[in-house]
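Working notes, structure below.
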Amino acid sequence: MSERVKTGVKGLDELIEGGLPKGYSFLLLGGPGTGKTTFGAQYLFKGASEFGEGGLYVAFDEPPISISTNMLRYGWNFADVERQGKFSFVDVSPMKHDAKGTFVPATLQQSFIGSPKFSIDNVISAIGEAKRKVNATRCVVDSLTALTLQFKDEFEIRQQTMNLIRGLTEMDMTAILLAENPEDRQDMTKYGAEAFLAQGVIVLHMYRVEESNVRALEVRKIRGVKHTDRLCPYRITAEGIEVYPEETVFRSV
Ligand SMILES: Nc1ncnc2c1ncn2[C@@H]1O[C@H](COP(=O)(O)OP(=O)(O)OP(=O)(O)O)[C@@H](O)[C@H]1O
Ligand SMILES: [Mg+2]
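So the number in our numbering is just where the residue sits in the sequence shown, counting from 1, plus 470.
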């Protein structure tokens, strides 16, 4: 069996034969507020603090300062792991890219998302530069949706996504690419290209049931892995995301 990378998400690894296959790029799909950023941050923070594995958070969307502040709620202090040389943000967000404490690699100085000079090759070189700095083997891209908005047509989106995944694979990263799934679609047609390019797809669903939201995690595919095909409930708790493999999402009536 291929080497596995622990997700740090309680309850998840046992559903996928022990963790994410090393070197794979995953797509984590979910609607707004489903916990994509939390999942990505948890994967990197636990990686650095519990498993001694360096990580990179590539922020296209929400600026690093906002992510690190919000993640303090779960007790994850990214400034600490950054100081220990086990973590770095790669800031590609349009706002506050010179915020104190955030790493803006030389290759990215002029090339932020939304700018005419933006290029995926610059982002890949910046990831490489940051990887050397913190010896990263884990990477999170938040989000692929922000990245794809940069390009005009499906062909270009597919080509650039492929370049990014190829770049991450060549760097031996085990990566999670976060992407918006606005209508909570089951068929993934909107993410056809990305979902087929990634070696694994995990979907975070949120359903409205009477007066509350029910959250469920689906392992949609992982190439070469015998994974669960059950929809498993998950919650966002004070410790982050937890999956409950023994529970059912909907009670039959
Ligand atoms: N301390 C907490 N305890 C429980 N739930 C929380 C806590 N903090 C945040 N949440 C929940 O997590 C959700 C936000 O999670 P997160 O930002 O990871 O989602 P996201 O999928 O990245 O959202 P977006 O689409 O905005 O990028 C909030 O909407 C809230 O429901
Ligand atoms: Mg988010």
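All C-beta atoms in this analysis are idealised placements derived from N, C-alpha and C, irrespective of residue type, glycine included.
Endpoints, the beta strand (DSSP E) within which residue i is located
i: F496; result: S495 to G500
Contact test: residue i Cβ vs ligand 2 heavy atom, cutoff 7 Å
i: E532; result: yes
i: D612; result: yes
i: T539; result: no
i: T507; result: yes
Beta-bridge pairing of residue i - partner residues as DSSP gives them
i: A511; result: In DSSP, A511 forms no bridge with anything.
i: L485; result: BP columns for L485 are empty, so no partner.
i: N683; result: R678
i: D550; result: Partner(s): none; D550 has no beta bridge.
i: A608; result: Rather than Ala, the amino acid found at residue 608 in this sequence is Arg. DSSP lists G525 and T644 as partners of R608.
i: V713; result: Y704
i: E650; result: G500
i: G670; result: F496 and I692
Residue i in three-state terms, based on DSSP
i: N540; result: helix
i: G478; result: coil
i: S805; result: What is shown of the chain runs 471 to 723, which leaves residue 805 out entirely.
i: V593; result: helix
i: G525; result: strand
i: K492; result: coil
i: G637; result: helix
i: P703; result: strand
i: R693; result: coil
i: I535; result: helix
i: E664; result: helix
i: M471; result: coil
Beta-carbon proximity of residue i to residue j, cut-off 8 Å
i: L485; j: H675; result: no
i: P433; j: R685; result: Examination of residue 433 is not possible in this model, given that the chain is present from 471 through 723 alone.
i: G524; j: F557; result: yes
i: I635; j: L667; result: yes
i: K435; j: F521; result: The chain is shown from 471 up to 723; residue 435 falls before or after that span and cannot be answered.
i: I581; j: K587; result: The amino acid occupying residue 581 in the given sequence is Ser; Ile does not appear at that position. Closer than 8 Å, so yes.
i: N651; j: L499; result: yes
i: F530; j: L638; result: no
i: V560; j: L526; result: yes
Within-8 Å CB hit, residue i to chain D
i: T644; result: The question asks about chain D, but that chain is absent: this structure has only one protein chain.
Segment limits, alpha helix (DSSP H) that includes residue i
i: F720; result: From DSSP, F720 is part of no alpha helix (DSSP H); its letter is neither H nor E.
i: G614; result: Reading the sequence as shown, one finds Leu at residue 614 and not Gly. Element bounds for L614: L614 to T618.
Near ligand 1: residue i beta-carbon under 7 Å from a heavy atom
i: T618; result: no
i: A708; result: yes
i: P586; result: no
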